[in-house]
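S.K.: In the numbering used here, the protein residues as written are 210 to 366.
Mind looking over this structure? Questions follow.
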Amino acid sequence: MKQTGQDVSICIRTQTLVDGEEENTELYTQGRYYEKNGSWYITYEETETTGYQGCRTTLRAQDHQVSLIRQGDYRSRLVVEENQRNIGYYATPVGELMIGVSAKEVVNRLTPFGGTLEFAYALDLNASLLSDNRITIEVSLPEIDTQVNLQTGERTE
210 MKQTGQDVSI
220 CIRTQTLVDG
230 EEENTELYTQ
240 GRYYEKNGSW
250 YITYEETETT
260 GYQGCRTTLR
270 AQDHQVSLIR
280 QGDYRSRLVV
290 EENQRNIGYY
300 ATPVGELMIG
310 VSAKEVVNRL
320 TPFGGTLEFA
330 YALDLNASLL
340 SDNRITIEVS
350 LPEIDTQVNL
360 QTGERTE
C-alpha cells in the first residue's frame with residue numbers, strides 16, 4: 210500500500226462526560242499527515258491501549274466538519290459537522306451501533322506545518338444522550354536540525 214503524506218507525532222486528548230462523570234484521556238502516537246482536495250488527513254494505527262488494535266483510523270478535517278473513518282476489525286464512520294446531527298456507524302469490541310452525532314463546534318487550525326484540530330459533539334442512541342465529548346488533536350512535524358544543510362545533508366558549524 211502506498212504511503213501518503215509525511216510522518217508526524219499525534220497527541221489526542223479526549224474529554225468525555227457521561228451521567229455527570231468526566232473522564233479525560235491522552236494518547237500519543239505516530240501517524241501520517243497530508244492535504245488532499247482542500248481537506249487535511251490524519252491517519253494512525255490503533256493500539257491495544259485504545260481497544261481497537263489492528264484498526265487504522267483516518268480523520269478528514271475540513272473547515273466545519275470532521276469525518277472519522279476506522280478500518281479493520283471494528284469499522285466505524287462518524288461525521289462531526291458543526292451545528293448538524295448526523296447518523297454514524299460505530300463498531301466496538303462488544304457490538305455495532307447506529308448513533309446520532311450532534312456537533313457543537315469544529316475548530317480546524319491545521320496547516321502544512323501541523324497544528325490543532327478540536328471538535329465537540331454529543332452522541333445519542335435512540336435520541337437518548339450517551340455522552341458529551343471534546344477531542345483535541347495536535348499534529349507535530351519532526352523537528353528539523355537547523356545545523357544540517359538541507360540541500361547536501363552535511364552538518365554545518
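Note that CB positions come from ideal geometry on N, CA and C, so glycine has one too.
(1) Taking all protein chains shown into account, decide if Ala270 is buried (16 or more other Cβ within 10 angstroms of its Cβ) or exposed.
(2) Check for me: the beta strand (DSSP E) holding Tyr250 runs from which residue to which?
(3) Roughly how many whole angstroms lie between the Cα atoms of Thr235 and Arg241?
(4) Compare the Cα-Cα distances from Tyr330 to each of Pro321, Gly323 and Arg343 and report the closest residue.
(5) In terms of alpha-carbon separation, which member of Thr252, Asp228 and Asn246 lies closest to Ile221?
(6) Mapping DSSP to helix, strand and coil, what is Glu257?
(7) Could you pull out every unbroken beta strand (DSSP E) segment of at least 3 residues lying fully inside the region 282–317, listed in chain order?
(8) What is the C-beta distance between Arg286 and Gly304, in whole angstroms, given that I count them as a contact (C-beta under 8 Å)?
(9) Going by alpha carbons, who is nearest to Asp341 out of Tyr250, Gly229 and Gln293?
(10) Just mark Gln360 as buried or exposed, buried being the case when its beta carbon has 16 or more other beta carbons within 10 Å.
M.R.: With the given structure in hand:
(1) buried
(2) Ser248 to Glu254
(3) The displayed chain sequence assigns Glu, not Thr, to residue 235. Cα to Cα, Glu235 sits roughly 19 Å from Arg241.
(4) Arg343
(5) Thr252
(6) helix
(7) 285–290 and 294–301
(8) No, Arg286 and Gly304 are not in contact; Cβ-Cβ is about 16 Å, not under 8 Å.
(9) Gly229
(10) Any reading at Gln360 needs caution, since the residue's pLDDT is 48, under 50, leaving its predicted position unreliable; the model's value is listed next. Looking at its Cβ environment, which holds fewer than 16 other Cβ atoms inside 10 Å, Gln360 is exposed.
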